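Q:
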Amino acid sequence: MKKWDGNHSDAGIGAKMGMFYFEALEGQSIGEDYPIGYEGETKMGDYFRFIVPTIYATIEDIPEELRKYIVVSDSIDFTKDRLLDNNKISDYFTRMYSE
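Convert by adding 56 to the 1-based position in the sequence shown; the result is the number in the numbering used here.
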């Protein structure tokens, strides 16, 4: 992976860092914010897949000192799952990364 050069942009998370990027649905009222192209039901606080990388990062691409802050999901397929239910975040991410 290309080393991060300090320039931040949402697209850079996928393009430069090889990571999937999810954004939370938020707004002043229900239905104000929704993921374009998604046909299913959503609610405020859900997370939708915003950016998909072309080359995927691995745990080795994350600095060792930061790996202890990574949460792991054994149930999400980031290449297919487009929406994460806010009420199930603790079910999706059940443990912290450990070597």
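Using N, Cα and C, we set each Cβ at its ideal position, and we do this for glycine too. As the structure is a computational prediction, the values presented were derived from the model and not from experiment.
List the whole-angstrom C-beta distance separating G68 from A113, where the pair is believed to meet the contact cut-off of C-beta under 8 Å.
A: By one-based count along the sequence shown, residue 68 stands at place 12. By one-based count along the sequence shown, residue 113 stands at place 57. 12 Å between Cβ atoms; not a contact.
Q: Under 6 Å Cβ to Cβ from N142, same chain only, skipping five residues before and after it: list those, please.
A: Numbered from its first residue, the sequence shown carries residue 142 at position 86. G101, D102.
Q: Considering only their Cβ atoms, is the gap separating I107 from D147 smaller than 9 Å?
A: On the sequence shown, position 91 is the one that residue 147 refers to. On the sequence shown, position 51 is the one that residue 107 refers to. Result no, Cβ atoms of D147 and I107 do not sit closer than 9 Å.
Q: If we ignore side chains and look at the alpha-carbon of each, how far apart do E121 and S131 end up?
A: Within the sequence shown, the letter at position 65 stands for residue 121. Within the sequence shown, the letter at position 75 stands for residue 131. Approximately 25 Å, taken between the alpha carbons.
Q: Which partner residues of I120 appear in the DSSP bridge assignment?
A: Reading the sequence shown from its first residue, position 64 is the one you call residue 120. Ile is not the amino acid found at residue 120; the sequence shown has Glu there. Paired residue(s): none; E120 is not in a bridge.
Q: Measuring straight from C-alpha to C-alpha, what distance separates D117 and E88?
A: For the purposes of this step, residue 117 is taken as the residue at position 61 of the sequence shown. For the purposes of this step, residue 88 is taken as the residue at position 32 of the sequence shown. Going from the Cα of D117 to the Cα of E88 covers about 36 Å.
Q: So what's Y94 in DSSP terms, helix, strand or just coil?
A: Stepping through the sequence shown from its first residue, residue 94 is reached at position 38. Coil at Y94, not helix or strand.
Q: Shortest alpha-carbon distance to T110 belongs to which of S154, A71, D133?
A: For the purposes of this step, residue 110 is taken as the residue at position 54 of the sequence shown. If we check each option's Cα against that of T110, A71 comes out closest.
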